[in-house]
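Input: a single structure, listed below in structure tokens.
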Amino acid sequence: MNNIVLRKPFPHLFFIAVALVFPFVYPSEYAKHVFALIFIKIILCMSLRQMLLTGLLNLSIVSFMAIGAYFTAVLGTTLGMSFWIVMPLSGLTCSLIGLFFAFPVLRLKGAYFFIGTICFAVCVQTFFSNFYVETFAGVPGFTPIDVPHIKLPGFELDFMSHLSYYYLTFIIMLLSIVIFYRLENSRFGQYWKAISFADRLIETVGVDLLKSKILNFTISCFFAGIAGSLFAPLIGIITPHDFDLLFMFILVMFIVVGGTDSFWGPITGVIAISILAELLRDFGQYETIGYGFILVLALIFMPKGICGLIERFISSKKEVIKTPN
Amino acid sequence: MGTQEILAILLNSLMLGMLYILIAMGLTLVYSILEIVNFAHGEFYMLGGFTSYVFFSQLHVNYFLTMLLAFVLIGGFAVIIEKLIFKRYREQILPAFMVSLGLVWILSESMRLIFGNWDKSVPVAFPGIIKIGGLSFSVERLIVTIMGAILIALLYIFIRFTKTGRAMRAITQDKDAALLQGVNIDFICSIAFGVGCGLAAIAGVLLGSVFYVSSTMGAPVIMKSFIIIILGGLGSIPGCLLGGLILGFIDNFASVFLTVPKVTIITFAMIFVLLIFRPRGLLGHE
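Quick note, the sequences are listed as chains A and B, same order. Start counting the first sequence at 0; every next residue gets the next number (numbering that gives the first Met the number 0). Start counting the second sequence at 0; every next residue gets the next number (numbering that gives the first Met the number 0).
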């Protein structure tokens, strides 16, 4: 049984417990807001990394996040639909759009794929800034956005407070992590890893190359849409500028710093860099250039990321125990 | 629309086409020899623009000398970057692409921190208009177009007829065989990277005086050069010429009739349609 919790329960349960208790130990509204954002970024980075398993860097993740966010804003606020229907719908819409986009773009390889996805990202950004301005509110941004709320007989919960939103994003992040984990260790996960090594070879053993890539692509689009859907009510205003190439580059930096080879890499990267950025808040104008240096230095000095360093440290300790002489 | 307007648009698209080709050729040169996609290529164009701002506009150095300076300085800087960073990522497209993403923000942000947020204007190098048979053209744009054409021709001659150029072509055909014949791959890679980025810097000097200089001027240009090399096919120089001219004309003619966002969407949509039918570009090969 390949269960995430049952196999090695303690580290995961420990971190989950820490995350659940955190808002009460450190009762700062700002910290909860930052952590809710971190959870959303984790979902995005996980879907970015899932695509990276096949050796393709999907730079259009932010555009699918944008589609999810605008979808939530328009359906939830303008048309007044319930958030709990809109969120899965926005994920499904993103995977549907991803499916149409996947057919041309997944036939591309290597460099062509990066450029194709960047083209899509620029297209989506241009679309939301300039087209249907009365619906999407153009460059100034769509605001206000209704927050999700639960209304049952005898029970009413508004996700206005940072505390409730913290738990909402946390639960959805946990669910997505479990799904990503199960997918990576499933048959399809094996196919995806094999594709990155030898895509011609895997076709000869009877795996439909395009189909398994499309599956990967649509799943990562789905989660990008969910992330966008969570992002919109949290921030309260979405502009096309939120989903530009800078944000994409920051996501890439997160997974590189965390380690692209390890499943826990994106989580480590997002948490490490986001907390570092909060601690260095006073040097805000050097933020982007600092991220640039972090990305370049991380790629040069720790190409396997923080998780790679930890794994190497653990395995070197194990060897010491095995060979005492 | 009269003949005058059509000719003006033609000249404009030819000028932009030439400079896009100049930038994209550097990109395609780097791709075919180092086998990396340098997303930071547009930032070298931006650095060229700032060279012209510092030397031509502030220190009043001669225009052509500024171009030479930009080529040498930015090209030399590019060689240093190649030695420090890109050398270890040859033929590894993914990490090289990620590193170049980081470089984009390092270079553009450092220029923003040094020179400030505002656009810098560079004075017109060759003011005035020239009249040919009752039609008037801006001298500057004519000279920029001609310079672009000359540089493209020089690059072609360099690749086609010099010993270094022959070594470059040998590397693109078969790296191991080239190594066996005594080609110094490290040296050729540095030269290719330096020349490619130096040409982008010259394009920055040429266009800096036509438009303006800012730390974000590299981003749209890199997208356009990518479109060009996708249109023509990565690593193909004739494809690059074709793609540049097509893009220059589409950009200018479509901008006359449509708004800029629509042109952007149309250009990208065109790329997708092309990629569906020819995943390797118009003149690309495996």
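Glycine is no exception: its CB is placed at the ideal position from the N, C-alpha and C atoms. Quick caveat: nothing in here was measured; it's all calculated off a predicted structure.
Query                                                                                                                   : Result
Touch test, the stretch 188-199 of chain B against the stretch 63-78 of chain B, Cβ-Cβ under 8 Å, three pairs minimum   : yes
Contact list for V251/A against chain B, beta-carbon separation under 8 Å                                               : M97 and L100
Span of the alpha helix (DSSP H) around E108/B                                                                          : I92 to F114
Sheet register partners of H148/A (DSSP bridge)                                                                         : D157/A
8 Å Cβ cutoff, V121/A in contact with chain B                                                                           : yes
F262/A, enclosing beta strand (DSSP E) - first and last residue                                                         : Note, F262/A: premise wrong, no beta strand (DSSP E); not H, not E.
Start-end ranges of the beta strand (DSSP E) lying completely within the stretch 136-175 of chain B, minimum 3 residues : none
Beta-bridge partners of L134/B, as assigned by DSSP                                                                     : I131/B
Cβ-based contacts, 7 Å cut-off: residues of the stretch 31-49 of chain B near chain A                                   : V36
Simplified DSSP state of I236/A, which is helix, strand or coil                                                         : coil
Close beta carbons around D118/B, own chain, < 8 Å, minus the five adjacent residues each side                          : Y211, V212 and S213
Beta-bridge pairing of F141/A - partner residues as DSSP gives them                                                     : I237/A
Cβ distance (whole Å) where F70/B is taken to contact I201/B below 8 Å                                                  : 5 Å
With 16 other Cβ atoms within 10 Å as the buried cut-off, status of K31/A                                               : buried
Residues near L229/A by beta carbon distance below 6 Å, same chain, minus five either side                              : I39 and T168
DSSP-derived helix/strand/coil call for V194/B                                                                          : helix
Residues that S51/B contacts on chain A, provided the C-beta gap is smaller than 9 Å                                    : Within chain A, no residue comes near S51/B; the closest Cβ sits about 23 Å away, beyond 9 Å.
Nearest-angstrom Cα separation, counted from H11/A out to M0/A                                                          : Confidence in M0/A is poor, its pLDDT being 44 and thus under 50, which makes the residue's placement too unreliable to answer from.
Proximal chain B residues relative to N129/A, where beta-carbon distance stays under 9 Å                                : T258, V259, P260, K261, T263 and I264
Beta-carbon neighbours of F103/A, restricted to chain B and to distances below 7 Å                                      : In the sequence under discussion, the amino acid at residue 103/A is Pro, which differs from the Phe named in the question. What P103/A touches in chain B: F271, L274 and I275.
Interface flag, T287/A vs chain B, CB-CB below 8 Å                                                                      : yes
Buried or exposed by the 16-neighbour rule on C-beta atoms within 10 Å, applied to F63/B                                : exposed
DSSP bridge partner residues for K119/B (one or two, in chain order)                                                    : V212/B
As assigned by DSSP and simplified to three states, the class of R181/A                                                 : helix
Backbone secondary structure at M0/A - three-state DSSP                                                                 : Per-residue confidence for M0/A stands at a pLDDT of 44, beneath the threshold of 50, marking its modelled position as unreliable; no derived number is given.
Contact check, C220/A vs S89/A, beta carbons under 8 Å                                                                  : no
Interface flag, I272/A vs chain B, CB-CB below 8 Å                                                                      : no
Within-8 Å CB hit, L56/A to chain B                                                                                     : yes
For N129/A, the three-state DSSP class (helix, strand or coil)                                                          : helix
Residue of L273/B, V29/B, M45/B and G231/B minimising C-alpha distance to F114/B                                        : M45/B
Where the stretch 103-121 of chain B meets chain A: residues whose CB sits under 9 Å from a CB there                    : V103, W104, I105, L106, S107, E108, S109, R111 and L112
Where L289/A sits in the DSSP three-state scheme                                                                        : It is Gly, not Leu, that sits at residue 289/A in the sequence shown. G289/A: helix per DSSP, three-state reduction.
Exposure of F14/A, with buried meaning 16 or more beta-carbon neighbours within 10 Å                                    : exposed
Run of the alpha helix (DSSP H) containing S89/A, from where it starts to where it stops                                : F82 to V104
Helix, strand or coil at D281/A according to DSSP, with G and I counted as helix                                        : helix
Cβ pair L100/B, F248/A closer than 8 Å                                                                                  : yes
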